[in-house]
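Numbering (my numbering), first residue to last: 4 to 405.
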């Protein structure tokens, strides 16, 4: 079995609630008071004026009601890839979660484990090597991406912030003159990104309020099916080899990722609108292959010896809020390209990829597929259902049965 590195970065302690076996709904649903920098980050995160046509914010693709992923059920059910501020332009992947990512370390190669770890985005390109914070570097990307928020330059982003109704808060947080970007636009743009990162690291975005969190604290019990799912998650299903499920050495709650990269053998998403984008954005058209981490390393100038083994690998996502949805019929999608439309489907894929080969299309990139930890798990239908039941305990905002 391939080795996995266990990340033990220190994180903010979860808010301890004075409750017994019954979890009070009003307590869990009351937002945690934000610090000034976190509130500033929230204002920036939800500000639609920071896109070229003032219609798109960070929350457009990372909404709280669905665990800070894509909030449009119709888009999820079809293409899974969201349009940008210019509605005819699309990125090439589904939105990853903006929650529970603040612990991701600076992008690095672990010599002992022979694994790349850390960074942000599906391919790790927000390395953190410039700002010493991958999450802040990630926050700088979408504003200037022509396929996303489509702002022409950082100067205009700073101008819009200077015109906002939270301008006083900005200067309270960063000091008088912090918005004088005519002197140093890079500095002001960095302040914007660090503020967003502070919000994304806040207890409001990462409340650790799922049923599993209360189970770990001994305040609720899992059902028989959920308990079987947890046993499978940490055993036969081998899920916890990448999605760490146990508290850290200091008792910090798990974030259900080890921040590494893997190729699961996911097929191409034929409905991905990026295939039809003009050659300016996608010169390969329908022949385009998403090389993920390897593609980033290739473009960053690494040798074929380095990037070759990483082609087709994508960052292991957190499983927190993997089933959080505003109503039961809401469609959530899974995999970097949104190929899978339900938890049941992706769990079955993990279990049967290498067995029921006629049921699954060819992988997008085959040479680096992980065959050690998935593909032929030997799970029964009942065991697959139990795994799904356990994954549903990871949704924040848990309340006990009345």
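By construction, the Cβ of each residue, glycine as well, lies at the ideal position given by its N, Cα and C atoms. Keep in mind that this is a model prediction, so the values were computed, not measured.
Near residue i, what residues of its chain come up, given a Cβ to Cβ distance below 8 Å and the 5 sequence neighbours on each side ignored?
i, result
"residue 121", "107, 108, 109, 110, 111, 127, 130, 131, 137, 262"
"residue 183", "191"
"residue 373", "5, 265, 266, 267, 268"
With distance defined between alpha-carbon atoms, name the residue in the options nearest to residue i.
i, options, result
"residue 361", "401, 270, 399", "270"
"residue 71", "115, 209, 77", "209"
"residue 99", "324, 247, 400", "324"
"residue 47", "123, 284, 114, 161", "161"
"residue 336", "64, 371, 44, 239", "64"
"residue 235", "207, 338, 389, 124", "389"
"residue 327", "135, 318, 345", "345"
"residue 329", "172, 91, 400", "400"
"residue 42", "164, 172, 60", "172"
"residue 118", "397, 306, 245", "245"
"residue 96", "317, 374, 372", "317"
"residue 78", "37, 148, 303, 342", "342"
"residue 57", "308, 385, 166, 184", "166"
"residue 340", "149, 69, 125, 105", "125"
"residue 149", "182, 113, 91", "91"
"residue 412", "181, 168, 145, 192", "The structure shown has nothing for residue 412, since the chain only spans 4 to 405."
"residue 134", "196, 212, 102, 145", "196"
"residue 69", "334, 217, 352", "334"
"residue 365", "268, 247, 66, 73", "268"
"residue 384", "363, 373, 352, 357", "352"
"residue 45", "144, 349, 168", "168"
Assign residue i to buried or exposed, taking buried as 16 or more other Cβ atoms, counted over all protein chains shown, within 10 Å of its Cβ.
i, result
"residue 214", "buried"
"residue 194", "buried"
"residue 186", "exposed"
"residue 331", "exposed"
"residue 288", "exposed"
"residue 243", "buried"
"residue 25", "Per-residue confidence for residue 25 stands at a pLDDT of 31, beneath the threshold of 50, marking its modelled position as unreliable; the derived number appears in the next sentence. It counts as exposed."
"residue 190", "exposed"
"residue 226", "exposed"
"residue 142", "buried"
"residue 30", "Below a pLDDT of 50, predicted positions are generally treated as unreliable, and residue 30, at 32, falls in that range; the measurement from the model is reported next regardless. The residue in question, residue 30, is exposed, as its Cβ has fewer than 16 Cβ neighbours within 10 Å."
"residue 33", "Residue placement at residue 33 is flagged as unreliable, the pLDDT there being 42, under the threshold of 50; a coordinate-derived value is accordingly withheld."
"residue 204", "buried"
"residue 178", "exposed"
"residue 375", "exposed"
"residue 151", "buried"
"residue 238", "exposed"
"residue 170", "exposed"
"residue 2", "Any question about residue 2 goes unanswered here, given that the chain covers just 4 to 405."
"residue 250", "exposed"
"residue 140", "buried"
"residue 286", "exposed"
"residue 307", "exposed"
Starting from residue i, follow its DSSP beta bridges and name the residues at the other end.
i, result
"residue 195", "DSSP output for residue 195 lists no bridge partner at all."
"residue 316", "295"
"residue 147", "Bridge partners of residue 147: none, in fact."
"residue 120", "111, 263"
"residue 49", "DSSP output for residue 49 lists no bridge partner at all."
"residue 337", "343"
"residue 93", "86"
"residue 129", "123"
"residue 72", "66"
"residue 366", "270"
Grab me the residues of residue i's own chain with a C-beta within less than 7 Å of its C-beta, minus the 5 sequence neighbours each way, in chain order.
i, result
"residue 153", "54, 55, 87, 88, 89"
"residue 354", "380, 382, 387"
"residue 368", "266, 292, 294, 314, 315"
"residue 40", "176, 198, 201"
"residue 82", "274, 275, 276"
"residue 6", "Only weak support is given to the placement of residue 6: the predicted model assigns it a pLDDT of 41, under 50, and the value that follows is read from those uncertain coordinates. Answer for residue 6: 116, listed in chain order."
"residue 212", "31, 399, 400, 401"
"residue 300", "309, 310, 313"
"residue 146", "53, 152, 154, 160"
"residue 188", "157, 158, 161"
"residue 62", "48, 49"
"residue 240", "380, 382, 390"
"residue 363", "270, 352, 356"
Which residues in the same chain have their Cβ closer than 6 Å to the Cβ of residue i, if we skip the five residues on either side of it in sequence?
i, result
"residue 347", "391"
"residue 93", "84, 86, 276, 277"
"residue 60", "49, 50, 51"
"residue 282", "none"
"residue 231", "389"
"residue 357", "378, 379"
Hey, residue i and residue j are a contact pair by Cβ (cut 8 Å); roughly how many whole angstroms apart?
i, j, result
"residue 229", "residue 393", "5 Å"
"residue 256", "residue 219", "7 Å"
"residue 320", "residue 371", "Rounded, the Cβ-Cβ distance is 18 Å, inconsistent with contact."
"residue 377", "residue 322", "Not really, about 14 Å apart at Cβ, beyond 8 Å."
"residue 174", "residue 37", "Rounded, the Cβ-Cβ distance is 17 Å, inconsistent with contact."
Is there a C-beta anywhere in chain B that falls below 9 Å from the one on residue i?
i, result
"residue 330", "Among the chains of the structure shown, chain B does not appear; only one protein chain is present."
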